[in-house]
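**Q**
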Amino acid sequence: MTSFAELTTMSVGGPPERLVEATTGDKLLAAAREAFSSDEPWFVLGGGSNLVASDEGFPGTVIRVGTRGVEVLEREADDAPTDVRIRVAAGEPWEALVALTVERGWSGLEALSGIPGSTGAAPVQNIGAYGQEVSETVVSVDFLDADTLDFVRIPRANLGLAYRTSVFKPGPVDPARRGVVTAVEFRLSDEGGLSQPVAYDQLARALGVPLGARVPLADVRARVIELRASKGMVLDPSDRDTFSSGSFFTNPIVARDALDGIPVDAPRWETEEEPQDRAVPLGQTPAPPPARTPSPVKLSAAWLIEHAGVPRGFHLPGSGAAISTKHTLAITNRGGATAEDVAELARYVQSRVAAEFGVVLQPEPVLLGLHL
Numbered sequence: 001m002t003s004f005a006e007l008t009t010m011s012v013g014g015p016p017e018r019l020v021e022a023t024t025g026d027k028l029l030a031a032a033r034e035a036f037s038s039d040e041p042w043f044v045l046g047g048g049s050n051l052v053a054s055d056e057g058f059p060g061t062v063i064r065v066g067t068r069g070v071e072v073l074e075r076e077a078d079d080a081p082t083d084v085r086i087r088v089a090a091g092e093p094w095e096a097l098v099a100l101t102v103e104r105g106w107s108g109l110e111a112l113s114g115i116p117g118s119t120g121a122a123p124v125q126n127i128g129a130y131g132q133e134v135s136e137t138v139v140s141v142d143f144l145d146a147d148t149l150d151f152v153r154i155p156r157a158n159l160g161l162a163y164r165t166s167v168f169k170p171g172p173v174d175p176a177r178r179g180v181v182t183a184v185e186f187r188l189s190d191e192g193g194l195s196q197p198v199a200y201d202q203l204a205r206a207l208g209v210p211l212g213a214r215v216p217l218a219d220v221r222a223r224v225i226e227l228r229a230s231k232g233m234v235l236d237p238s239d240r241d242t243f244s245s246g247s248f249f250t251n252p253i254v255a256r257d258a259l260d261g262i263p264v265d266a267p268r269w270e271t272e273e274e275p276q277d278r279a280v281p282l283g284q285t286p287a288p289p290p291a292r293t294p295s296p297v298k299l300s301a302a303w304l305i306e307h308a309g310v311p312r313g314f315h316l317p318g319s320g321a322a323i324s325t326k327h328t329l330a331i332t333n334r335g336g337a338t339a340e341d342v343a344e345l346a347r348y349v350q351s352r353v354a355a356e357f358g359v360v361l362q363p364e365p366v367l368l369g370l371h372l
């Protein structure tokens, strides 16, 4: 019986009760409608790169999205002369899509090279890296709603895209919109083989150009993959640091009045996102999210973890899970780890950062049957 350990990049987790492989659009819709109409639990699985499932598995149906295809769409009236619209099947591997767009000279996704997973999951998580987010290029999402069984096309304005979240993920107040993404439409740009303006300092340095420069797409892609590989963020069967779910914690976004306990040398960036985490006095329960204040601040989760006394390579005694030897933001399966090993280490990291800085780190991957 296939287990989540075989279906995820973290390589932990027990088997689902029932696994359905949906390799065509019709099979995906049929499987989803059957699951949504039943009284049994269900779960939609993409590439498995942002999921940690429990050792007990899942007591229901798992629909694994394996659809493929990239369609170039006709130009619309509001398109700029350089615009290129594509509609991509949800199961198309993300890295293969980015490689294709770079090869064809379409910019907009190049800084998102090397990210594992599927295209349908990209807007759910609003993936981002090196100065780009998928929200910048998404036009709409085709979606089968689990509660109404309606097949709808959701425009970008209604997707609730923000830092590592969307309407498909539960928020502090609103529940997640339940269903399955079947396709995603993107608007890219043909700038004669040049990238979008480089918007991330580390990438600009690696390219040897100033921020805002446009460079050949292939150069951006190559440097991004090199940077990700140096942090263990590019899948490599020979490197245990890559047996992870990528960044395990999101960078906390806090209101300015929560910065008293944060050292002045801690990296921070102003942001327009809603505060998600806040500092709290040691021993107290975090309060509900505060009202929006001007210019909240995004902190570096990796910096907080390392300066809370959790170094690279750290592991709890007897555990198969460890902090990556390349990057403190990743929890890795060093071999033989269980899902509970991963969760236990994550809880330890949370407790150390909360004790040291009063910031509650939030997990980035989906936790199926696990709780921190």
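At position 359 of the sequence shown (counting the first as 1) the number is 359 in full-length UniProt numbering, and the numbers step up by one without a gap. From the three backbone atoms N, C-alpha and C, an ideal C-beta is built for every residue, glycine too.
In or out: Leu211 buried (at least 16 other Cβ within 10 Å) or exposed?
**A** In the sequence shown, counting from the first residue as 1, residue 211 sits at position 211. Exposed, because fewer than 16 other Cβ atoms sit within 10 Å of the Cβ of Leu211.
**Q** With DSSP run on the structure shown, which of helix, strand or coil describes Asp39?
**A** Position 39 of the sequence shown, counting from 1, holds the residue named residue 39. Looking at Asp39 - three-state DSSP - the assignment turns out to be coil, as it is neither helix nor strand.
**Q** Any chance the stretch 68-85 sits against the stretch 6-22, with 3 or more Cβ pairs inside 8 Å?
**A** no
**Q** Looking only at DSSP bridge pairs, what is Ile63 linked to?
**A** The residue labelled residue 63 in the question sits at position 63 within the sequence shown. Per DSSP, Val20, Val44.
**Q** Output the distance between the C-alpha atoms of Ala321 and Leu370, rounded to the nearest integer angstrom.
**A** For the purposes of this step, residue 321 is identified with residue 321 of the sequence shown, where counting begins at 1. For the purposes of this step, residue 370 is identified with residue 370 of the sequence shown, where counting begins at 1. Straight across, the Cα-Cα distance linking Ala321 with Leu370 is about 15 Å.
**Q** In the DSSP output, which residue or residues are listed as bridge partners for Thr9?
**A** Within the sequence shown, numbered from 1, the residue matching residue 9 stands at position 9. Per DSSP, none; premise fails for Thr9.
**Q** So Ala321 is in the beta strand (DSSP E); what residue range does that whole segment cover?
**A** Within the sequence shown, residue 321 is the residue found at index 321, counting from 1. Unbroken beta strand (DSSP E) run through Ala321: 321-323.
**Q** Hey, how far is the Cα of Thr67 from the Cα of Asp26?
**A** In the sequence shown, the residue the question calls residue 67 occupies position 67. In the sequence shown, the residue the question calls residue 26 occupies position 26. Going from the Cα of Thr67 to the Cα of Asp26 covers about 10 Å.
**Q** Give me the Cα-Cα distance between Phe151 and Ala30, rounded to the nearest whole angstrom.
**A** Residue 151 sits at position 151 when you count from the first residue of the sequence shown. Residue 30 sits at position 30 when you count from the first residue of the sequence shown. So the alpha carbons of these two residues sit roughly 12 Å apart.
**Q** Tell whether a beta-carbon distance below 8 Å holds between Phe249 and Thr332.
**A** Numbered from 1 along the sequence shown, position 249 holds the residue referred to as residue 249. Numbered from 1 along the sequence shown, position 332 holds the residue referred to as residue 332. Not in contact: Phe249 and Thr332 (Cβ atoms no closer than 8 Å).
**Q** Using the Cα positions of Ser295 and Asn251, report the straight-line distance between them to the nearest angstrom.
**A** Here the question's residue 295 lines up with position 295 in the sequence shown. Here the question's residue 251 lines up with position 251 in the sequence shown. If you take the alpha carbons of Ser295 and Asn251, they lie about 16 Å apart.
**Q** Please report how far the alpha carbon of Thr61 lies from the alpha carbon of Gly120, in whole angstroms.
**A** For the purposes of this step, residue 61 is taken as residue 61 along the sequence shown, with counting starting at 1. For the purposes of this step, residue 120 is taken as residue 120 along the sequence shown, with counting starting at 1. For Thr61 and Gly120, the distance between alpha carbons rounds to 19 Å.
**Q** Out of Trp94, Arg104, Val139, state which residue places its alpha-carbon closest to the alpha-carbon of Arg156.
**A** Indexing the sequence shown from 1 puts residue 156 at position 156. Considering only alpha carbons, the answer is Val139.
**Q** Closest to Ser247 by C-alpha separation, out of Leu227, Ala301, Arg223, Leu372, would be which residue?
**A** Position 247 of the sequence shown, counted from the start, is the residue given in the question as residue 247. It is Ala301.
**Q** Measuring alpha carbon to alpha carbon, tell me which of Phe314, Leu316, Glu272, Asp142 ends up nearest Tyr163.
**A** Along the sequence shown, read from residue 1 onward, the residue named residue 163 stands at position 163. It is Glu272 whose Cα lies nearest to the Cα of Tyr163.
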